[in-house]
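The structure appears right after this line, and notes come after that.
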Amino acid sequence: MSKEEKKLEIMKTALNLFAKKGFYNTTIADIAREMGMSVGNMYNYFPSKESLAKELLIYTSKLFGEELKKINEMDISTKEKIKKIVELYFKKAKEEPELVDYFMRVYLSNKEIFSNGCEGMLCVSSFVTEIMIFFEEGVRKKELKNQDFFAAFGLFMGYLGGLVFLYREGILGKDIEEYIEVVSENIYNALKA
Amino acid sequence: MHSKPKVLWIDAVSCYGCSHSFYNYPQIKEILNKIDLIYHPLLPTKEFEIKSSDILIIEGAIKSNFLRLGFDLIDLIAKLIKLSRKVILIGTCSVYGGMFGEGILFNKEDKGKFYKCKDKIISIPGCPPHPEWIAYAIEMVLNDKKILLDSENRPKEIYSYTSHMGCVRNEYFEWKVDAKNFGEKEGCLFYEQGCQGPYTHSSCNKILWNEVNSKPRAGTPCFGCTEKTFPRKDLFKTETFMGIPANIPLGVSKRAYLTLAGVAKSLTNERLNKRLIDEDN
Ligand code: SF4
Ligand code: SF4
Numbered sequence: 001m002s003k004e005e006k007k008l009e010i011m012k013t014a015l016n017l018f019a020k021k022g023f024y025n026t027t028i029a030d031i032a033r034e035m036g037m038s039v040g041n042m043y044n045y046f047p048s049k050e051s052l053a054k055e056l057l058i059y060t061s062k063l064f065g066e067e068l069k070k071i072n073e074m075d076i077s078t079k080e081k082i083k084k085i086v087e088l089y090f091k092k093a094k095e096e097p098e099l100v101d102y103f104m105r106v107y108l109s110n111k112e113i114f115s116n117g118c119e120g121m122l123c124v125s126s127f128v129t130e131i132m133i134f135f136e137e138g139v140r141k142k143e144l145k146n147q148d149f150f151a152a153f154g155l156f157m158g159y160l161g162g163l164v165f166l167y168r169e170g171i172l173g174k175d176i177e178e179y180i181e182v183v184s185e186n187i188y189n190a191l192k193a
Numbered sequence: 001m002h003s004k005p006k007v008l009w010i011d012a013v014s015c016y017g018c019s020h021s022f023y024n025y026p027q028i029k030e031i032l033n034k035i036d037l038i039y040h041p042l043l044p045t046k047e048f049e050i051k052s053s054d055i056l057i058i059e060g061a062i063k064s065n066f067l068r069l070g071f072d073l074i075d076l077i078a079k080l081i082k083l084s085r086k087v088i089l090i091g092t093c094s095v096y097g098g099m100f101g102e103g104i105l106f107n108k109e110d111k112g113k114f115y116k117c118k119d120k121i122i123s124i125p126g127c128p129p130h131p132e133w134i135a136y137a138i139e140m141v142l143n144d145k146k147i148l149l150d151s152e153n154r155p156k157e158i159y160s161y162t163s164h165m166g167c168v169r170n171e172y173f174e175w176k177v178d179a180k181n182f183g184e185k186e187g188c189l190f191y192e193q194g195c196q197g198p199y200t201h202s203s204c205n206k207i208l209w210n211e212v213n214s215k216p217r218a219g220t221p222c223f224g225c226t227e228k229t230f231p232r233k234d235l236f237k238t239e240t241f242m243g244i245p246a247n248i249p250l251g252v253s254k255r256a257y258l259t260l261a262g263v264a265k266s267l268t269n270e271r272l273n274k275r276l277i278d279e280d281n
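Right under this line is the structure:
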């Protein structure tokens, strides 16, 4: 197994533990134990829990960024793109809930961990850049209303985040995938030109 | 003694700003001494006649059913081009259409009526072009020097630059620090105030105006006056789509530009966030 593959494995293990025990309650020793590695060896891969957290964030952002890029490059209408993005997000929330949890809970609610080297867009740039391109092209094609970026971004991501939160709390009456259609429709109606 | 090269300067639909720009060339007398100016609309010359010339200079745009000197403008230009050895198009009107409509070589983005004469033509766009650019083209032709031209027949020596190159606000651009008002020393005018410097072909920040300044240096946006898209609307406002600049610097993909801009925005250059000259200290 290459060093990169091993790192990925450690990150996935860490993700699970963060989701189960919370970020602060998980130690490097816990992760090492779960991996069947010595703590000393762990440090060869990640010098600290913070650096692991940071790389995880970059990894998650890239993963979403690459998927979004594929959608951005499709020759379809903005309305159809919205549906693809919602689908991507909800499916990921179902298949890899730890990943989405990490992005929403650990990153967004523990910003202090990321204040050194992950300021602003630094670690989430792959994801944010693609979202920007999605919005910019939608307006350029006159399919979306030209407005403040964050007003649109908040509406889109906040809504998705909210739904995933309800889903993870077990409050949604139906499977989250059943919401793809209606949520996409609502987002489109709210943002269209 | 050899006779001096004949230069015929014709005005199409023009505001004469291009002529006036040329008058500001400090060594204009030397040029005028070297040539036989057989016609100019404003300078004292002989009566106009349709004649052959070594250099035909055209200022202004073309228009159908427009009379000039008793001739239909487009017919007149066609004849003069035919009778000339080299043609220099002065000003954005003449090259692309600019303020007044249709250009000689181009009609905005499309090929113009005289595109077929491309081989003879040198384009000096600008509204107006810098006097030195005009003088450069004339001198090069007078001295029989080869001018390297780009695909729109602009001298590479002048138009390979963007007006952004050499602007004293470049560091503010790099670190994404906006100018809050016009005329301030601090900040870049790209994000809000409409500066088109990063995608405008011109050497305004290399060959300064009146040898002292340029629009963006002084704190006014570059209007992109050398481009085929000139004039755009809302020159003092950056066009944005969802807050993202609709036009990005030449040569970079939108994805690459947004990534870099995001990174720069996430970091701070303390020095550039302060007054440049802090009078209280
Ligand atoms: S290019 Fe500008 S300065 Fe020259 S004639 Fe046209 S409007 Fe006037
Ligand atoms: S003001 Fe204009 S020309 Fe100057 S750095 Fe900013 S974008 Fe470039």
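As given, the protein sequences belong to chains A and B, one line each in that order.
One point on numbering: in the numbering used here, the residue at position 139 of the first sequence is 139, and numbering is uninterrupted.
One point on numbering: in the numbering used here, the residue at position 120 of the second sequence is 120, and numbering is uninterrupted.
For every residue, glycine included, the Cβ atom is placed at its ideal position computed from N, Cα and C.
Where residue i meets chain B, residues with beta-carbon distance less than 7 Å
i, result
"A/L68", "The contacting residues do not exist; A/L68 stays about 11 Å from chain B at best."
"A/T129", "R255, L258, T259, G262"
"A/S125", "T259, G262, V263"
Separation of residue j from residue i, as counted between CA atoms
i, j, result
"B/P5", "B/I38", "10 Å"
"A/N25", "A/R105", "14 Å"
"A/N201", "A/L68", "What is shown of chain A runs 1 to 193, which leaves residue 201 of chain A out entirely."
"B/I124", "B/M165", "19 Å"
"A/Y107", "A/G170", "22 Å"
"B/N170", "A/G138", "30 Å"
"B/I31", "B/T162", "28 Å"
"A/D148", "B/N65", "47 Å"
"B/L341", "B/V252", "With chain B covering only 1 through 281, there is no way to say anything about residue 341 of chain B."
"B/E49", "B/K185", "51 Å"
"B/C222", "A/G173", "57 Å"
"B/V87", "B/L148", "15 Å"
"B/K282", "B/S3", "Past the edges of chain B, shown from 1 to 281, lies residue 282 of chain B, and the structure says nothing about it."
"B/L276", "B/N205", "20 Å"
"B/A78", "B/D72", "10 Å"
"A/E119", "A/Y59", "16 Å"
"A/F153", "B/Y172", "26 Å"
"B/T240", "A/M157", "21 Å"
"B/T238", "B/K180", "13 Å"
"A/E98", "A/A19", "6 Å"
"A/F23", "B/D278", "45 Å"
"A/G96", "A/I31", "Looking at the sequence itself, residue 96 of chain A is Glu, so the reference to Gly does not match. Approximately 19 Å between the Cα atoms of the pair."
"B/K254", "B/L83", "46 Å"
Supposed close pair residue i, residue j - CB separation, criterion 8 Å
i, j, result
"B/K113", "B/I74", "7 Å"
"A/I180", "A/F90", "6 Å"
"B/S53", "B/V7", "6 Å"
"B/P44", "B/G91", "About 22 Å; that fails the 8 Å criterion."
"B/N107", "B/G98", "Not really, about 11 Å apart at Cβ, beyond 8 Å."
"B/P131", "B/S202", "Contact doesn't hold; Cβ gap of about 14 Å is too wide."
"B/L89", "B/L105", "6 Å"
"A/L57", "A/C123", "5 Å"
"B/T200", "B/T226", "6 Å"
Check whether residue i and residue j have beta carbons under 8 Å apart
i, j, result
"B/I62", "B/E102", "yes"
"B/I58", "B/I10", "yes"
"B/A264", "B/E174", "yes"
"A/K92", "A/V100", "yes"
"B/C93", "B/S14", "yes"
"B/Y16", "B/L42", "yes"
"B/L142", "B/K29", "no"
"A/K94", "A/E185", "no"
"A/K62", "A/S2", "no"
"A/L191", "A/V86", "no"
"A/E50", "A/I113", "yes"
"B/I122", "B/P155", "yes"
"A/E34", "A/L15", "no"
"B/D150", "B/Y159", "yes"
"B/G60", "B/A12", "yes"
"B/V177", "B/N273", "yes"
"A/M37", "A/I28", "no"
Partners in chain A for residue i, counting only beta-carbon separations shorter than 8 Å
i, result
"B/K242", "With the sequence shown as reference, residue 242 of chain B is identified as Met, and Lys is not the correct amino acid for it. Under the 8 Å cutoff, chain A gives M132, F135, E136, G138, V139, L144, N146, Q147, D148, F149, A152."
Contact set between residue i and chain A, taken where Cβ atoms lie within less than 9 Å
i, result
"B/K265", "G120, M121"
Beta carbon proximity, residue i to chain E, threshold 8 Å
i, result
"B/L67", "Included in the structure are the protein chains A and B, with no chain E among them."
- Message: Does the segment 9-23 of chain A come into contact with the segment 44-54 of chain A, if we say contact requires no fewer than three beta-carbon pairs (one atom in each stretch) closer than 8 Å?
- Response: yes
- Would you say the segment 132-139 of chain A touches the segment 242-258 of chain B, given that touching needs at least three Cβ pairs under 8 Å? yes
- Is the segment 232-241 of chain B close to the segment 190-204 of chain B, with three or more CB pairs under 8 Å? yes
- Can you find at least 3 beta carbon pairs, one from the segment 64-79 of chain A and one from the segment 143-154 of chain A, that sit closer than 8 Å? yes
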